[in-house]
């Protein structure tokens, strides 16, 4: 390439995002590009449906919401969701499925969490009143009687 024409009024960001993180990016409430310790708010324009096989990533395109980073800047794309996530340490595996244990009417209840990735924070569809089993969760079985200790 000898020359590239760049529209400096409508700058766009192209990023390769691991395919397993794209859903979180799409669902996020806030996105920004960090370049030289500065935050540049961005909005999602498009996500390529093609998954690059070697890196298992997808190309996403974003637009700057306010001020723009310099043309050609290489930064880090970050995002945040207001939806609560649970620590990956709470995951347990039962019968080939991952999930968490809650307490219901004095008994353990296994709540499967679909599409979870061990080692990553996750969202579980639980009510705000749900009580999670933390201590002893690896030895608990579904429907076991539970004695709560404060």
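Residue numbers (this note's numbering): 539 to 688. Ideal Cβ placement from N, Cα and C applies to all residues, glycine included.
| Asked | Found |
| --- | --- |
| Neighbour-count burial assignment, residue 638, 16 or more Cβ in a 10 Å radius | buried |
| Where the beta strand (DSSP E) through residue 555 begins and ends | 550-556 |
| Sequence-distant residues of its chain with Cβ nearer than 6 Å to residue 632 (five each side left out) | 648 |
| Own chain, CB closer than 6 Å to residue 668, minus 5 neighbours either side, in chain order | 640 |
| Residue environment, residue 676, which counts as buried when at least 16 other CB atoms sit within 10 Å | exposed |
| Delimiting residues of the alpha helix (DSSP H) encompassing residue 562 | 560-565 |
| Pair within 7 Å by beta-carbon distance, residue 599 and residue 566 | no |
| Residue range of the unbroken beta strand (DSSP E) whose run includes residue 637 | 635-642 |
| Residue 540, buried or exposed, once every other Cβ within 10 Å from all chains shown has been counted against 16 | exposed |
| Nearest neighbour of residue 579, chosen from 557, 607, 657, 682 [CA to CA] | 607 |
| Beta-carbon spacing of residue 581, residue 603 below 7 Å | yes |
| For residue 664: DSSP bridge partner residues | According to DSSP, which records beta bridges pairwise, residue 664 is partnered with nothing at all. |
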